[in-house]
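Participant: Okay, so the sequence shown: first residue is 1 according to our numbering, each after it adds one. Virtual Cβ for every residue (Gly too), placed ideally from N, Cα, C. Keep in mind the model is a prediction, meaning the values are calculated, not measured. My questions all concern the structure below.
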Amino acid sequence: MNLTGVKAHKWQRISAVYLLLYFSFAIFTLYFQSSAHQFIHFNDWFSQQFNSLFGLFSLIAVLLLLVHAWVGGRDIMIDYLPRKRLKLWLKLYLGFLWLIAIDVIWLASRVLA
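See the structure below:
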(Lines of atoms letter the chains of each structure in order from A; the text may use other names.)
(Lines give C-alpha, C1' and ligand atoms only; values in the text may rest on other atoms or scores of the structure.)
Protein backbone atom coordinates (compact mmCIF):
# COMPACT_ATOMS: atom_id res chain seq x y z
CA MET A 1 0.00 0.00 0.00
CA ASN A 2 1.59 3.24 -1.12
CA LEU A 3 -0.05 5.83 1.08
CA THR A 4 1.06 9.40 1.43
CA GLY A 5 0.59 11.18 4.73
CA VAL A 6 -2.77 12.74 3.87
CA LYS A 7 -4.25 9.60 2.31
CA ALA A 8 -3.00 7.46 5.18
CA HIS A 9 -4.51 9.87 7.69
CA LYS A 10 -7.88 9.72 5.90
CA TRP A 11 -7.81 5.91 5.81
CA GLN A 12 -6.98 5.78 9.49
CA ARG A 13 -9.85 8.13 10.38
CA ILE A 14 -12.32 6.23 8.18
CA SER A 15 -11.26 2.92 9.72
CA ALA A 16 -11.50 4.35 13.25
CA VAL A 17 -15.08 5.54 12.72
CA TYR A 18 -16.12 2.25 11.10
CA LEU A 19 -14.52 0.19 13.87
CA LEU A 20 -16.19 2.32 16.53
CA LEU A 21 -19.60 1.72 14.94
CA TYR A 22 -18.90 -1.96 14.29
CA PHE A 23 -17.74 -2.83 17.81
CA SER A 24 -20.50 -0.75 19.39
CA PHE A 25 -23.09 -2.68 17.40
CA ALA A 26 -21.40 -6.03 18.12
CA ILE A 27 -21.36 -5.41 21.87
CA PHE A 28 -24.94 -4.13 21.74
CA THR A 29 -26.18 -7.30 19.98
CA LEU A 30 -24.17 -9.56 22.28
CA TYR A 31 -25.67 -7.91 25.33
CA PHE A 32 -29.28 -7.66 24.20
CA GLN A 33 -29.59 -11.05 22.49
CA SER A 34 -29.27 -12.76 25.81
CA SER A 35 -32.41 -13.68 27.70
CA ALA A 36 -32.81 -12.07 31.13
CA HIS A 37 -29.35 -10.54 30.70
CA GLN A 38 -27.63 -13.90 30.96
CA PHE A 39 -24.94 -13.89 28.33
CA ILE A 40 -25.18 -16.43 25.54
CA HIS A 41 -22.17 -18.54 24.75
CA PHE A 42 -19.69 -16.71 22.55
CA ASN A 43 -19.50 -19.51 19.97
CA ASP A 44 -23.28 -19.46 19.51
CA TRP A 45 -23.28 -15.70 19.06
CA PHE A 46 -20.26 -15.83 16.74
CA SER A 47 -21.76 -18.46 14.43
CA GLN A 48 -25.13 -16.69 14.42
CA GLN A 49 -23.60 -13.34 13.50
CA PHE A 50 -21.27 -14.65 10.83
CA ASN A 51 -24.02 -16.51 8.95
CA SER A 52 -25.78 -13.26 8.12
CA LEU A 53 -25.03 -9.89 6.59
CA PHE A 54 -23.05 -9.15 9.74
CA GLY A 55 -20.38 -11.50 8.39
CA LEU A 56 -19.70 -9.10 5.52
CA PHE A 57 -19.46 -6.19 7.94
CA SER A 58 -17.10 -8.27 10.08
CA LEU A 59 -14.85 -8.98 7.11
CA ILE A 60 -14.73 -5.27 6.33
CA ALA A 61 -13.92 -4.59 10.00
CA VAL A 62 -11.00 -7.03 9.97
CA LEU A 63 -9.61 -5.48 6.79
CA LEU A 64 -9.99 -1.95 8.14
CA LEU A 65 -8.40 -3.02 11.43
CA LEU A 66 -5.36 -4.20 9.48
CA VAL A 67 -5.26 -0.93 7.51
CA HIS A 68 -5.54 1.02 10.76
CA ALA A 69 -2.71 -0.98 12.32
CA TRP A 70 -0.56 -0.60 9.21
CA VAL A 71 -0.94 3.19 9.06
CA GLY A 72 -0.33 3.65 12.78
CA GLY A 73 2.68 1.36 12.88
CA ARG A 74 4.11 2.84 9.69
CA ASP A 75 3.83 6.37 11.05
CA ILE A 76 5.54 5.39 14.30
CA MET A 77 8.35 3.66 12.44
CA ILE A 78 8.87 6.55 10.03
CA ASP A 79 8.99 9.04 12.90
CA TYR A 80 11.15 7.14 15.39
CA LEU A 81 13.33 4.57 13.63
CA PRO A 82 16.67 5.38 12.00
CA ARG A 83 16.44 5.70 8.21
CA LYS A 84 19.06 2.99 7.58
CA ARG A 85 16.86 0.12 8.73
CA LEU A 86 13.43 1.61 8.16
CA LYS A 87 12.69 -0.41 5.02
CA LEU A 88 13.56 -3.67 6.78
CA TRP A 89 11.33 -2.90 9.78
CA LEU A 90 8.43 -1.85 7.55
CA LYS A 91 8.68 -5.11 5.60
CA LEU A 92 8.81 -7.14 8.80
CA TYR A 93 5.79 -5.27 10.17
CA LEU A 94 3.86 -5.81 6.94
CA GLY A 95 4.72 -9.51 7.07
CA PHE A 96 3.48 -9.69 10.64
CA LEU A 97 0.16 -8.08 9.66
CA TRP A 98 -0.17 -10.52 6.75
CA LEU A 99 0.32 -13.42 9.17
CA ILE A 100 -2.44 -12.03 11.37
CA ALA A 101 -4.73 -11.68 8.34
CA ILE A 102 -4.06 -15.26 7.25
CA ASP A 103 -4.65 -16.50 10.80
CA VAL A 104 -7.98 -14.65 11.04
CA ILE A 105 -9.12 -16.05 7.69
CA TRP A 106 -8.13 -19.57 8.74
CA LEU A 107 -9.89 -19.18 12.09
CA ALA A 108 -13.07 -17.89 10.43
CA SER A 109 -13.06 -20.80 7.98
CA ARG A 110 -12.72 -23.29 10.85
CA VAL A 111 -15.52 -21.69 12.85
CA LEU A 112 -17.90 -21.42 9.91
CA ALA A 113 -17.21 -24.93 8.60
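I'd like to confirm something about residue 71: is its beta-carbon nearer than 6 angstroms to some heavy atom of the ligand COA, or not?
Facilitator: Judged by which ligands are present, the structure shown has none, so any question about the ligand COA falls away.
Participant: Assuming residue 147 contacts residue 19 under a Cβ cut-off of 8 angstroms, what Cβ separation, rounded to an integer in Å, is found between them?
Facilitator: A question about residue 147 goes unanswered here, because the residues of the chain that appear run from 1 up to 113.
Participant: In whole angstroms, what is the alpha-carbon distance linking residue 55 and residue 84?
Facilitator: Going by the C-alpha atoms only, they are around 42 angstroms apart.
Participant: Return the first residue and the last residue of the alpha helix (DSSP H) that residue 84 is part of.
Facilitator: Counting along the chain, residue 84 falls outside any alpha helix (DSSP H), and DSSP gives it neither H nor E.
Participant: At a cut of 8 angstroms, does the region 71-83 reach the region 3-17 through at least three beta carbon pairs?
Facilitator: Because the criterion of three Cβ pairs below 8 angstroms is met, the region 71-83 and the region 3-17 touch.
Participant: Below 7 angstroms between beta carbons: does that hold for residue 92 and residue 66?
Facilitator: It is not a contact, given that the beta carbons lie outside the stated cut-off.
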